[in-house]
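The structure under discussion appears below in the form of structure tokens.
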Amino acid sequence: MDALKNYLIKNFEQLFVLLILVSVAGINYLIPYKLAFLNFYFIPILLGAYYLGVRRALLGGILCTLIVGLYAYLSPASFMPAFSHLDLWMNILAWSSFLILTGAVVGQLTSRLKTEVDQVRELNRNLEDSQAKIVAADRELRDHAENLEQKVQERTESLEKSKLAVEELKKKVEDALYSTMDASVVKLIIEKRLRTEKRKVSILFSDLKDFTKFSEERRPELVITDLNRLLEEMEDVLLDYRAHIDKYMGDGIMVEFGAPIDYQRHALMGTIAGLKMQERITNGDYPWKMRIGISTGEPIIGLIGNRRQTYTAIGDVVNLASRIQELCDPGMVTIDSATYEEVDRFVEVRRKTVFAHSESEDPEFVKEVAEYSKQLEEKPDDVDLMKKIGFLFLKGDYLVQAHEHLGQALQVDPKDDKVKLAYAETTLKMNQMDAVSIRGKKDRLYLYEVLGLKKPLEDREKIPQKLHDQYQEEVDKLLAYPEDILLPVEALDGSIGHSRVVGFLSYAVADTIDLSDQEKLDILQAGYLADLGKVIVPHHLLNRAGSLSKEEFEEVTKHSRESVRVLRQMGYQNKALFEIIEASHESLHGSGYPLGLAGDQVPMGARILAVADTYDALTSWRPYRDRWDHRAAFAEMQRDAKKGKFDPQVMETMGKLLEM
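Per this note's numbering, residue 31 is the first one in the sequence shown, and the count goes up by one each step.
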């Protein structure tokens with residue numbers, strides 16, 4: 031039934047039209063009382079008006095009228111029959127039937143309409159009730175929203191205060207940690223990557239000579255102020271060279287290089303840091319002199335302690351560094367053999383001979399030395415005391431002290447043959463025996479005093495003497511070499527002096543090509559600063575012996591742009607300088623980086639830097655290879671120039687300069 035009902039409702043209009051057509055055809059063809067049956071048409075028209083609407087009902091009425099009118103026109107006689115009594119009553123019966131049926135239909139429709147109206151009224155009442163509830167709910171929501179907004183604001187303010195408190199507490203904790211521990215150590219602890227291990231590192235000990243005596247003669251606050259001023263400068267130097275400041279021991283400092291971050295050039299970084307520390311002491315007008323000792327070895331490194339922990343190194347190499355510092359002359363940096371082997375190609379040294387008389391097992395000897403030393407302090411010009419203490423040291427085989435005091439005696443009394451002979455004897459022994467006796471070590475160890483860094487421009491295998499003499503003074507006057515910002519970067523990969531050589535050669539080429547003074551100055555400065563951005567390249571890639579992966583090479587290529595970024599931060603604003611540095615690793619045939627520029631897109635200054643940089647890189651030692659002979663290096667560059675890598679004019683000019 032439901033299916034039939036749905037079908038009728040869905041196709042009611044078609045069925046309505048079909049009903050009218052069938053009715054009209056049937057009435058006008060079969061029924062003789064056509065006039066009486068005309069009232070039948072009220073029924074479908076009423077139904078159509080109710081279900082289909084006024085428009086379709088009117089169209090249905092017009093359709094019925096047209097069809098009936100057509101029948102009446104074609105067969106008027108069928109609409110005008112002769113009436114008999116039977117015909118009369120049949121017409122009345124048909125009329126009354128249709129009248130009653132129409133009343134029933136209209137009544138049924140009215141009843142249904144009333145029901146639907148009641149339903150609509152009920153729906154309206156429900157709708158009004160719903161609207162009232164919605165209005166009430168809306169009012170309640172608004173009130174709640176206002177309260178909620180206020181509560182949220184109050185909660186937000188509370189959370190902000192809590193956040194600020196947490197941030198402040200976090201900052202205090204970080205400040206406390208960073209004030210007692212190295213930043214890299216703190217980071218590794220937080221990331222749970224700090225390990226206890228045995229690793230090759232370099233240990234530096236420093237100490238101030240006569241600090242105890244100095245501090246006893248001055249007010250405590252002045253002593254602490256001066257000491258903190260000194261330590262602040264020392265920290266700046268040590269942190270520049272990636273040192274881990276282990277601890278302060280009064281006026282002394284213990285430092286590790288190569289831990290906790292495994293920098294492979296730790297010995298070089300430590301040695302240069304030591305030189306810079308002494309430089310700061312000398313230039314800072316301090317009332318003390320510093321002694322610095324450095325040793326290289328494999329101590330145990332890690333956190334020690336329970337609740338109060340510290341990251342430190344333990345082992346013979348630590349003790350050795352401390353002992354070397356004690357044997358070091360004030361104002362000097364003294365290193366052991368292991369450190370020397372790592373840095374000998376970069377620094378000038380002299381072998382050191384030290385025998386400490388305080389180590390003597392003979393108490394009478396120590397007592398006698400102490401007495402003579404005290405008398406000599408009271409009478410520094412007493413030549414007899416000088417001779418006595420000199421011969422005493424010579425008898426005990428303490429050659430340095432004997433040589434020093436006998437030499438002083440000879441200056442006062444040069445005619446004493448006995449002293450002359452003893453002085454010659456100590457000199458001969460010192461030349462034959464340079465090893466140092468270290469307490470706790472059975473074997474004597476060689477120590478070396480670091481005199482300074484080697485001068486890369488004096489390498490005659492790389493730079494001809496005439497070329498050096500022609501431009502060295504001019505370059506030095508034109509622009510000061512920024513050593514303090516470049517050495518920490520070059521120490522990372524052992525390229526000490528690279529920037530100085532590149533700047534020097536680039537300027538010489540630019541001058542020979544006859545560029546303008548400003549262009550030459552920009553090129554010189556770019557040569558110095560081009561590799562400043564290497565600091566962002568992971569240090570293990572800088573020292574990699576094998577080839578780099580694509581991802582690793584991309585890390586390396588970032589350094590030229592990083593150099594420009596760092597220079598901007600430092601306040602440089604020279605756009606020409608930035609262009610040269612950024613393009614300094616581009617090639618004429620387009621295979622360079624970072625932009626892959628080619629031909630005229632590469633600035634002339636960058637072309638010059640590329641040639642100078644490659645030449646110095648090939649002719650210098652690197653951790654992953656030995657240096658090339660300068661002739662072989664330039665021949666290799668000429669082959670690359672034929673392939674379009676280097677500018678022909680620059681290569682020709684460089685060749686002429688190297689033949690000077």
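Where is the CB? At the ideal position from N, CA and C, for every residue including glycine.
For L234, which residues does DSSP report across the bridge? V285 and I324
Could you give the first and the last residue of the continuous beta strand (DSSP E) run that contains I365? V363 to D366
Three-state secondary structure assigned by DSSP to E389: In this predicted model, E389 has a pLDDT of only 46, less than 50, meaning its place in the structure is not dependable enough to derive any value.
Separation of Q308 from M320, as counted between CA atoms: 7 Å
Would DSSP call I331 helix, strand or coil? strand
With P568 and E585 assumed to form a contact (beta carbons below 8 Å), what rounded beta-carbon distance in angstroms separates them? 6 Å
Residue burial classification, P518 (beta-carbon count within 10 angstroms, cutoff 16): buried
Spatial neighbours of Q355 within its chain, please: CB distance less than 7 Å, with the 5 preceding and 5 following residues excluded, ordered by chain position. F235, S236, D237, R321, I322 and G323
Based on DSSP bridge pairs, tell me the residues matched to G482. E378
What span of residues does the beta strand (DSSP E) with D276 cover, start to end? A273 to M279
Residue nearest to L326 in terms of C-alpha spacing, selected from E286, Y341, R169 and R380: Residue identity check: residue 326 is Thr in the sequence provided, not Leu. T326 has its Cα closest to that of E286, out of E286, Y341, R169 and R380.
Hey, out of N349, R652 and P317, whose CA is closest to K243's CA? P317
Between which two residues does the beta strand (DSSP E) harbouring Y341 extend? T340 to I344
Strictly by DSSP, which residues pair up with E227? I331
Could you tell me which residues DSSP pairs with L477 in its beta bridges? D366 and K382
Environment of L48 [buried if 16+ CB atoms lie within 10 Å]: exposed
R295 (DSSP reduced to helix, strand or coil): coil
Residue range of the alpha helix (DSSP H) that K686 falls in? P678 to L688
Roughly how many angstroms separate the alpha carbons of P678 and A540, rounded to a whole number? 14 Å
Is DSSP giving R248 helix, strand or coil here? coil
Flag this pair as yes or no: are the beta carbons of I419 and H435 separated by less than 8 Å? yes
Apply the 10 Å Cβ neighbour rule to T683 and answer buried if 16 or more other Cβ atoms are within range, or exposed otherwise. buried
Candidates R380, E187, K191 and A642, of which the one nearest V480 by Cα: R380
Return helix, strand or coil for R652, following the three-state DSSP convention. strand
Indicate whether A642 and S536 have their beta-carbon atoms separated by less than 8 Å. yes
Within the continuous alpha helix (DSSP H) that includes P518, where are the two ends? E513 to D523
Give the straight-line distance between the Cα atoms of A521 and I566, rounded to the nearest whole angstrom. 14 Å
Which two residues bound the contiguous alpha helix (DSSP H) that contains A556? D547 to L559
Just to check my reading of the structure: L559 and S593 have Cβ atoms closer than 8 Å, yes? What is that Cβ distance to the nearest angstrom? 6 Å
K675, DSSP secondary structure in three states: coil
Flag this pair as yes or no: are the beta carbons of A556 and G426 separated by less than 8 Å? no
Compare the C-alpha of Y476 against each of L350, A439 and A538 and name the closest. L350
Counting Cβ pairs, one atom from each stretch, are 3 or more of them under 8 Å apart for the region 522-529 and the region 483-492? yes
Distance check for K228 and L688, CA to CA, integer angstroms please. 47 Å
Can you tell me the Cβ-Cβ gap for M681 and A665, rounded? I've got them flagged as a contact below 8 Å. Not really, about 11 Å apart at Cβ, beyond 8 Å.
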